[in-house]
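These notes are about the structure you will find just below.
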Amino acid sequence: MRVLISGASGMIGSALAKSLADEGHNVLTLVRPGSKRSGISWEPGVAVEDHPDLEGLDAVVHLAGAGIADQRWTTARKNLLWKSRVESTAHLRAALEERNTPPKRFLCASAIGWYGHRDNDILDESSSSGCGFLANLCAAWESAAQSNIMVSACLRFGLVLDRSGGALKKMLPPFQLGFGGPLGQGHHWQSWIGLDDAVRHIMHLCTAPVEDVRGVHNVVAPEPIQQRDFAVALGKALKRPVWLPTPRWAVQLLFGDMAKEALLASTRVVPTRRLAEGPSFLTPDLDDALRHALRKRSDR
Numbered sequence: 003m004r005v006l007i008s009g010a011s012g013m014i015g016s017a018l019a020k021s022l023a024d025e026g027h028n029v030l031t032l033v034r035p036g037s038k039r040s041g042i043s044w045e046p047g048v049a050v051e052d053h054p055d056l057e058g059l060d061a062v063v064h065l066a067g068a069g070i071a072d073q074r075w076t077t078a079r080k081n082l083l084w085k086s087r088v089e090s091t092a093h094l095r096a097a098l099e100e101r102n103t104p105p106k107r108f109l110c111a112s113a114i115g116w117y118g119h120r121d122n123d124i125l126d127e128s129s130s131s132g133c134g135f136l137a138n139l140c141a142a143w144e145s146a147a148q149s150n151i152m153v154s155a156c157l158r159f160g161l162v163l164d165r166s167g168g169a170l171k172k173m174l175p176p177f178q179l180g181f182g183g184p185l186g187q188g189h190h191w192q193s194w195i196g197l198d199d200a201v202r203h204i205m206h207l208c209t210a211p212v213e214d215v216r217g218v219h220n221v222v223a224p225e226p227i228q229q230r231d232f233a234v235a236l237g238k239a240l241k242r243p244v245w246l247p248t249p250r251w252a253v254q255l256l257f258g259d260m261a262k263e264a265l266l267a268s269t270r271v272v273p274t275r276r277l278a279e280g281p282s283f284l285t286p287d288l289d290d291a292l293r294h295a296l297r298k299r300s301d302r
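Convert by adding 2 to the 1-based position in the sequence shown; the result is the number in our numbering.
Right, here's the structure in full:
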């Protein structure tokens, strides 16, 4: 296959690129202008320039965009998230559709924030959308990915676990020092997945029958977990104590809207389509997934 990846320098993108290359596939990447990495130059949020390598691709995996939980959601940050997620997706999709031989598949990242805060409700790909900035962002993001020319799929990622990046990397310092604990009372549900299982899901969608690809996919493990139990599992994996919770008011004071819609939101999501159509899970159990995630990739 010839597969183009945006966001190939990120945690998921770099692991995906390596796995595809290891299997002998031709991996192409989109890179920012002036990047030291080799690839097709693209400034997210603007049109993609013509390039012969954009012709006849088997799949495009669009992962690029500003991190949703990287910073407090100021007005400027919300505008940046919208531009880097929604506008960049629309520009990239349109540029690919204009090729003489457009890509066969367009797989676009999204997030389980699409569902919003839903308490104890069990959510799958058929569930309704939520409300709030993050849910609206995800809805517009997914809408921008829809194509009448390419087979399009939206990948609603949960918490992707790997020590190299994402939320787990940010959690490690306090937990390693023995000061880790749940956020708020920790009753809210978290939907997670190991990095290798996330990559395995994407690779499956690059080759699966069209009817198994089109639409939305929850990229999560089969068993969501309450946040307090996640904290206990992480402490156990690190052999460190788990202390009292960080008060809800403190999380909200520090992170504002992001606390309510992301850090403290209860989103109990299950991967119904993968369980029916997709590959098996390598680490469906959180304890195993954390042990695997905490090892250096060279040791796996």
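Ideal placement from N, C-alpha and C gives every residue a C-beta, glycine not left out.
- Residue environment: L179 is assigned as exposed (fewer than 16 neighbouring CB atoms within 10 Å of its CB, all protein chains considered).
- Here V234 carries a helix assignment [DSSP, helix/strand/coil].
- Minimum Cα-Cα distance from T274 among the listed residues W245, A252, P226, A78 corresponds to P226.
- For a cut-off of 8 Å, the C-beta gap from R95 to D60 is around 16 Å, too long to register as a contact.
- The Cβ atoms of C208 and C156 lie no closer than 8 Å to each other.
- The C-beta distance from L197 to D164 rounds to 4 Å, short enough to fall under 8 Å.
- Taken in chain order, the complete beta strand (DSSP E) segments of 3 residues or longer contained in the stretch 215–295 are 217–221.
- R158 is a Cβ neighbour of I114, given a cutoff of 8 Å.
- The beta carbons of P247 and G182 sit no closer together than 8 Å.
- Sequence-distant partners of S21 (beyond 5 residues in either direction) whose C-beta falls short of 7 Å from its own C-beta, in its chain, are V201, M205.
- Under DSSP, V29 shares a beta bridge with V5.
- The three-state reading of DSSP puts S145 in helix, counting H, G and I together.
- One alpha carbon belongs to A10, the other to V62, and they sit about 11 Å apart.
- In this structure G160 is in contact with V271, their Cβ atoms being roughly 6 Å apart against a cut-off of 8 Å.
- Taking a C-beta distance under 8 Å as the contact criterion, L65 and G12 qualify as a contact pair.
- Annotation for G280: H203, H206 place their beta carbon closer than 7 Å to its own, counting only its chain and skipping 5 residues before and after.
- Along the length of the stretch 134–215, whole beta strand (DSSP E) runs at least 3 residues long occupy 153–159, 161–163, 194–196, reported in chain order.
- Comparing C-alpha distances from P46 to each of T285, L240, W84 shows the shortest one belongs to W84.
- R293 and K238 have their alpha carbons spaced roughly 10 Å apart.
- Between the stretch 284–291 and the stretch 220–235 there are three or more inter-stretch CB-CB distances shorter than 8 Å, so the stretches are counted as touching.
- Beta-bridge partners of V63 (DSSP): I7, L109.
- Looking at the DSSP output, I42 shares a beta bridge with L32.
- Only residues of its own chain outside the window of five on either side were considered, and among them L22, H27, N28, V29, L30, L59, D60, A61, V62, V63, C208 have a CB closer than 8 Å to the CB of V5, listed in chain order.
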